[in-house]
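Those sequence lines, one after another, are chains V and G.
Under this note's numbering, the first residue of the first sequence is numbered 1, with each subsequent residue one higher.
Under this note's numbering, the first residue of the second sequence is numbered 1001, with each subsequent residue one higher.
For every residue, glycine included, the Cβ atom is placed at its ideal position computed from N, Cα and C.
None of the values given here were measured: they were computed from a predicted structure.
Protein chains: 2
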Amino acid sequence: MTENILYAQSGGVTSVINATACGVIKTARTSKRFKKVFAAKNGILGVLNEEIIDTTRESSRIIDSLIHTPGGAFGSCRYKLRSIDDDISEYVRLVDVFKAHKIKYFLYNGGGDSQDTANKVGHLSSKLGYSISCIGIPKTIDNDLPITDSSPGFGSVAKYVATSTLEASLDVKSMAESSTKVFLFEVMGRNAGWIAASSGLIKSKSMSAPHVILFPEIQFDENKFIKKVKEAVIKSGYCVVVASEGIKRKDGSFVSDAGSIDAFGHSQMGGVSPFLADLVKRKLKFKCHWAVADYLQRSARHLASSTDVKQAYALGEAAVRFAEDGQNMVMPVIRRIPGKKYRWKIESAKLSRVANVERKLPRSYITQNGFGITKKAKEYLLPLIQGEEYPPYAAGLPSYSYPKNELVTKKLPAFPG
Amino acid sequence: MTENILYAQSGGVTSVINATACGVIKTARTSKRFKKVFAAKNGILGVLNEEIIDTTRESSRIIDSLIHTPGGAFGSCRYKLRSIDDDISEYVRLVDVFKAHKIKYFLYNGGGDSQDTANKVGHLSSKLGYSISCIGIPKTIDNDLPITDSSPGFGSVAKYVATSTLEASLDVKSMAESSTKVFLFEVMGRNAGWIAASSGLIKSKSMSAPHVILFPEIQFDENKFIKKVKEAVIKSGYCVVVASEGIKRKDGSFVSDAGSIDAFGHSQMGGVSPFLADLVKRKLKFKCHWAVADYLQRSARHLASSTDVKQAYALGEAAVRFAEDGQNMVMPVIRRIPGKKYRWKIESAKLSRVANVERKLPRSYITQNGFGITKKAKEYLLPLIQGEEYPPYAAGLPSYSYPKNELVTKKLPAFPG
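What follows is the structure, given as structure tokens:
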């Protein structure tokens, strides 16, 4: 074995992307097919910059600990390769770096945009004659990748959002008679409402919250929203609203792009929840509080779902098996096995069918009034948040340790030269 | 035994206030001194409205489960009694309700304002001749009560804020080269910076975040702030800012009261983090993200500190013992026993010394530049976040169940009549 395998992380990181890294490295380390397991620093940028981390220098203790460590252990990036027909230079560079470090296997761990990159890299074989096995590995908290039943990162965010909504709802409920009546919780999801939907899992006979869920898939209507909030306060004494950051108006504009200006005439950064809070305050005169989860939700490894961690690891492992088989331009995906009990297996999907495709929340998952989730949605979501996979703690805090990330010696001139 | 004891919750609830309720009810149930353990619905408002919950109708399973249930199990309120000299009517009403339900012991669980209420109720003995044993029980996430070394609710918020800052920092760090460079995290603390300070616990040799902590105790200076953020990005590649909601300008005004107006001319609800994010964006042109923890932080029972839960329970237990002894106008407090290892015991403090007094973060806990915490602060804070006290989970979510809260039959006319 003289050939190396390279793993890289791309796009927004998740609380379990390193569990996938763990699956990749542990599996590849024991495989007879690969000499060394490399990781690119900051995704495809690290390949272009010839910043290659030699993971053989990392202890197995550190590699094991990746399974419970959030963030991106090797760094991630937001970078999209141009089409090979528009600009061949980056592709030539990739081949140079791959050749210089004897890399014949490339695993790219990311969402829809990143799988576009993986798909392009996979074409090096046919377009530039450099034989490579390029495997995509799914990852996105947005859960918007097609074909796969779910994507690593999402189950843990769903568990975090459902738990946080439950806890905050109990808080608001206790105080509503003489204090805050409306609580707004802004969650991620620019184009797809999967994350917001997960808050609906807490609704039960004894818990009326969340009373309103706002999805990007449903056009935001100010009057309907206000009416619904008012109804909830009259009926339950309080109202919990969970809003996707990506809700849009009739004209297609994001509600968060409110175009507000501050007292000094400067334009204000958007935000759905301050906008909605202001609306509720003006129209209904209710005391209102709001929270924005932002990166907290996608990094909350302390509350990860076991299902999610297991799948993240298994997909990393499967990607290595696909590489061992010399496959190219494919991605391991989760297939849900029909039946009452949740079971899943890993299958293979072509990258060309995954790249740049966004899967939105089906209309059948949203209640007719547009403010809640259906039984069908609950059945889909519930298995994904099962199990508590706590990280170890030291001195009261989760003990998250990162690899040293030592780079191999560069062999090429800088790029672009 | 023919006399009853009444417990009530007041002010903003915490993730462990029900652990105190659990300590109160379990201890009082086994005491020979009390006939029934009552709880007021929504704090002192429930007493005034004669809305009295009979906790003897609750199973011991439900009472036991209060130890891991966030929110306020019996409801809380924000309500301050007027001085007895200004308005005697509410006090006469309290005596009427206490007499009607044979209540001779009153335990009030809250922060500084609530202890003012407890202190006033305690004066019923001397001013209206109705002998009562009134005991305050500390509770505040703000940790601003005097005399007690810490207050139940704070340790768990500190653990949540430190953990969340750690997790989000790892996330930002992974992406900083090609994405977000500055992350702002807004936490509670209107007048005292204890909560913001707790984020400083994550700083270590391998973790440079949080790079900037903004305390209400330190006057906010726009230029110094921007300079510090820029320095951090140059040095670490990214910058994490933890900001108290209560930071103030030179003129004493809250930064959150930015007085901004939206595109339609409506005034916008404040918020420190959107303001700071806009500032960073304008002055430094860095990509910026922000999160607001709001109620999430004070209800996050899923990440409670063991120390906090134990103290919350123990203070409830101690309050019942004080009542058994017929004490009046006192509050059990935590005393830290000097020594290397963290140990604590419960002592007693007079309510008159507690009511309406706010304890701020000492200057010696803040670094000279005003943006971090000192070793002394870390030594104080660290013991308070120790231990993980997880709630039980069912079907992927914490199982939080509330009492039935059945009211006893009213015996009096409505108030005010």
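Below 6 Å CB to CB, which residues in the same chain sit around residue 7 of chain V once its five sequence neighbours on both sides are set aside?
Along the first sequence, read from residue 1 onward, the residue named residue 7 of chain V stands at position 7. Cβ neighbours of residue 7 of chain V beyond the five flanking positions: 24, 39 and 107.
If you compare alpha carbons, which of G:1231, G:1162, G:1223 and G:1167 is closest to residue 1384 of chain G?
As a first step, residue 1384 of chain G must be located in the second sequence, where it is residue number 384. The shortest C-alpha separation from residue 1384 of chain G is found at G:1162.
Confirm, please, whether the CB-CB distance from residue 350 of chain V to residue 365 of chain V is below 8 Å.
Within the first sequence, residue 365 of chain V is the residue found at index 365, counting from 1. Within the first sequence, residue 350 of chain V is the residue found at index 350, counting from 1. For residue 365 of chain V and residue 350 of chain V, no; Cβs fall outside 8 Å.
Around the C-beta of residue 235 of chain V, are 16 or more other C-beta atoms found within 10 angstroms, so that it is buried, or is it exposed?
In the first sequence, counting from the first residue as 1, residue 235 of chain V sits at position 235. So residue 235 of chain V ends up on the exposed side.
Which value, in whole angstroms, describes the spacing of the CA atoms of residue 1240 of chain G and residue 1288 of chain G?
What you label residue 1240 of chain G is simply residue 240 of the second sequence in a count that begins at 1. What you label residue 1288 of chain G is simply residue 288 of the second sequence in a count that begins at 1. Their backbone Cα atoms lie some 10 Å apart in a straight line.
In the DSSP assignment, find the unbroken alpha helix (DSSP H) run with residue 162 of chain V in it and report its ends.
One-based indexing of the first sequence puts residue 162 of chain V at position 162. Taken as a continuous stretch (DSSP letters only), the alpha helix (DSSP H) holding residue 162 of chain V covers 154-175.
Are the Cβ atoms of residue 312 of chain V and residue 5 of chain V separated by less than 8 Å?
In the first sequence, the residue the question calls residue 312 of chain V occupies position 312. In the first sequence, the residue the question calls residue 5 of chain V occupies position 5. Cβ atoms of residue 312 of chain V and residue 5 of chain V: not closer than 8 Å.
Report the partner residues of residue 1336 of chain G according to the DSSP bridge assignment.
Residue numbering aside, residue 1336 of chain G sits at position 336 when the second sequence is read from its first letter. BP columns for residue 1336 of chain G point to G:1344.
In chain order, which alpha helix (DSSP H) runs of at least 4 residues are fully inside the region 41-110 of chain V?
44-48, 60-65 and 89-100
Which stretch, first to last residue, makes up the beta strand (DSSP E) that contains residue 1135 of chain G?
Position 135 of the second sequence, counted from the first residue, corresponds to residue 1135 of chain G. Segment 1133-1138, the beta strand (DSSP E) holding residue 1135 of chain G.
Output, in chain order, the set of chain V residues within a Cβ distance shorter than 7 Å of residue 1070 of chain G.
For this step, residue 1070 of chain G is matched to residue 70 along the second sequence. What residue 1070 of chain G touches in chain V: 167, 170 and 171.
Is DSSP giving residue 231 of chain V helix, strand or coil here?
Translated into the one-based positions of the first sequence, residue 231 of chain V becomes position 231. Here residue 231 of chain V sits in helix by DSSP.
CB contact flag (residue 361 of chain V, residue 217 of chain V, <8 Å)
Translated into the one-based positions of the first sequence, residue 361 of chain V becomes position 361. Translated into the one-based positions of the first sequence, residue 217 of chain V becomes position 217. Closer than 8 Å, so yes.
Nearest to residue 1352 of chain G by alpha carbon, out of G:1237, G:1221 and G:1120?
As a first step, residue 1352 of chain G must be located in the second sequence, where it is residue number 352. Residue G:1120 is the option with its Cα nearest to residue 1352 of chain G.
Buried/exposed call for residue 250 of chain V, threshold 16 Cβ in 10 Å:
The count along the first sequence starts at 1 and reaches residue 250 of chain V at position 250. Classification of residue 250 of chain V: exposed, given that the 10 Å Cβ count is below 16.
Taking 8 Å as the cut-off, decide whether the C-beta atoms of residue 68 of chain V and residue 391 of chain V are in contact.
Sequence index remark: in the first sequence, residue 68 of chain V carries index 68 (1-based). Sequence index remark: in the first sequence, residue 391 of chain V carries index 391 (1-based). A contact, by the Cβ cut-off of 8 Å.
Tell me, please, whether the CB atom of residue 1137 of chain G is closer than 8 Å to any CB atom in chain V?
Sequence index remark: in the second sequence, residue 1137 of chain G carries index 137 (1-based). For residue 1137 of chain G, the answer is no, since every Cβ of chain V falls outside 8 Å of its Cβ.
Could you round the C-beta distance between residue 1113 of chain G and residue 1011 of chain G to whole angstroms and report it? I think they count as a contact, below 8 Å.
Translated into positions along the second sequence, residue 1113 of chain G becomes position 113. Translated into positions along the second sequence, residue 1011 of chain G becomes position 11. Rounded, the Cβ-Cβ distance is 6 Å, consistent with contact.
Between residue 262 of chain V and residue 1253 of chain G, what straight-line distance do the alpha-carbon atoms span, to the nearest angstrom?
Translated into the one-based positions of the first sequence, residue 262 of chain V becomes position 262. Translated into the one-based positions of the second sequence, residue 1253 of chain G becomes position 253. Because the pLDDT at residue 262 of chain V is just 44, under 50, the model does not fix this residue reliably, and the point stays unresolved.
Among the residues of its own chain, which have a CB less than 7 Å from the CB of residue 26 of chain V, if the five just before and after it don't count?
The residue given as residue 26 of chain V occupies position 26 in the first sequence. Closer than 7 Å at Cβ, skipping near neighbours: 63.
Go through its chain and collect everything with a Cβ distance to residue 393 of chain V's Cβ below 8 Å, but skip five positions before and after it.
Taking the first sequence and counting its residues from 1, one reaches residue 393 of chain V at position 393. Within the same chain, residue 393 of chain V has close Cβ partners 399.
For residue 436 of chain V, report the span of its beta strand (DSSP E) as first-last.
Past the boundaries of the shown model lies residue 436 of chain V; chain V is included only from 1 to 417, so the question cannot be answered.
Within the chosen definition, does the region 162-173 of chain V reach the region 1395-1410 of chain G through at least 3 CB pairs nearer than 8 Å?
yes
Is the region 1270-1280 of chain G close to the region 1036-1052 of chain G, with three or more CB pairs under 8 Å?
no
Neighbourhood of residue 1265 of chain G by C-beta, 8 Å cutoff - its chain only, sequence neighbours within 5 removed
Sequence index remark: in the second sequence, residue 1265 of chain G carries index 265 (1-based). Unreliable positioning characterises residue 1265 of chain G in this predicted model, as indicated by a pLDDT of 49, which lies under 50. A coordinate reading is not provided.
Of all the CB atoms in chain G, is at least one closer than 8 Å to the CB of residue 416 of chain V?
Stepping through the first sequence from its first residue, residue 416 of chain V is reached at position 416. Not one chain G Cβ lies under 8 Å of residue 416 of chain V.
C-beta contact flag for residue 1346 of chain G and residue 1315 of chain G at 8 Å:
Working through the second sequence from its first residue, we reach residue 1346 of chain G at position 346. Working through the second sequence from its first residue, we reach residue 1315 of chain G at position 315. Contact: yes.
Taking residue 1002 of chain G and residue 1152 of chain G to be in contact with their CB atoms under 8 Å, please state how far apart those CB atoms are, rounded to whole angstroms.
One-based indexing of the second sequence puts residue 1002 of chain G at position 2. One-based indexing of the second sequence puts residue 1152 of chain G at position 152. In fact, because the Cβ distance is near 31 Å, the residues do not count as touching under 8 Å.
Please classify residue 1186 of chain G as buried or exposed, where buried requires at least 16 neighbouring CB atoms within 10 angstroms.
Looking up residue 1186 of chain G in the second sequence gives position 186. Its Cβ being crowded by 16 or more others within 10 Å, residue 1186 of chain G is buried.
Is the CB of residue 327 of chain V under 8 Å away from at least one CB in chain G?
For this step, residue 327 of chain V is matched to residue 327 along the first sequence. No, no contact with chain G.
Of all Cβ atoms in chain G, is any one closer than 8 Å to the Cβ of residue 254 of chain V?
Residue numbering aside, residue 254 of chain V sits at position 254 when the first sequence is read from its first letter. Taking Cβ atoms only, chain G never reaches closer than 8 Å to residue 254 of chain V, which makes this a no.
Measuring straight from C-alpha to C-alpha, what distance separates residue 233 of chain V and residue 182 of chain V?
What you label residue 233 of chain V is simply residue 233 of the first sequence in a count that begins at 1. What you label residue 182 of chain V is simply residue 182 of the first sequence in a count that begins at 1. If you take the alpha carbons of residue 233 of chain V and residue 182 of chain V, they lie about 8 Å apart.
Label residue 1403 of chain G either buried or exposed according to how many other C-beta atoms from any shown protein chain fall within 10 Å of its C-beta, with 16 as the threshold for buried.
By 1-based counting over the second sequence, the position of residue 1403 of chain G is 403. That one is buried.
Give the residues from the region 1104-1115 of chain G that approach chain V closer than 9 Å (Cβ to any Cβ), ordered along the chain.
none
Cutoff 8 Å: residue 1099 of chain G Cβ touching any chain V Cβ
Mapped onto the second sequence, residue 1099 of chain G falls at position 99. No - not a single Cβ of chain V is within 8 Å of the one on residue 1099 of chain G.
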